[in-house]
Amino acid sequence: MSDLRCITCKRDIAPGEPTYEIRTFLDPLPPGGVACSEKCQERKENESKQRAMLWYQSPMNPFGGGKDE
Numbered sequence: 018m019s020d021l022r023c024i025t026c027k028r029d030i031a032p033g034e035p036t037y038e039i040r041t042f043l044d045p046l047p048p049g050g051v052a053c054s055e056k057c058q059e060r061k062e063n064e065s066k067q068r069a070m071l072w073y074q075s076p077m078n079p080f081g082g083g084k085d086e
């Protein structure tokens with residue numbers, strides 16, 4: 018069993034197999050882990066972007082979310 022597992026599809030990543038870092042920006046709950054392919058990386062990054070946009074627009078955002086500007 019491998020020490021690494023894809024955060025998106027949950028597949029074991031073999032030693033020496035390429036991994037893809039999940040890049041996030043302003044995500045209140047960033048994913049912790051790596052992806053096994055570019056497709057899995059894109060999927061997790063898109064989920065992160067959506068979560069960040071929802072958080073920004075939320076009235077619970079302490080930085081002014083939910084306000085019309």
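This note's numbering numbers the first residue of the sequence shown as 18 and each following residue consecutively. All residues carry an ideal CB built from backbone N, CA and C; glycine is no exception.
Straight-line Cα distance separating residue j from residue i
i: K61; j: G33; result: 22 Å
i: S54; j: S75; result: 32 Å
i: Y73; j: E38; result: 24 Å
i: L46; j: M77; result: 14 Å
i: C26; j: L71; result: 24 Å
i: G50; j: F42; result: 15 Å
i: R88; j: Q67; result: Residue 88 falls outside the range modelled here, since the chain spans only 18 to 86, and no answer is possible.
i: I30; j: P79; result: 38 Å
i: K56; j: T36; result: 12 Å
i: E59; j: D20; result: 22 Å
i: A52; j: R22; result: 8 Å
i: I24; j: P48; result: 8 Å
Coarse secondary structure for residue i, derived from DSSP in three states
i: A69; result: helix
i: E38; result: strand
i: C57; result: helix
Counterpart residues of residue i in DSSP-defined beta bridges
i: A15; result: Since the displayed the chain opens at 18 and closes at 86, residue 15 lies outside it and no answer follows.
i: R22; result: D29
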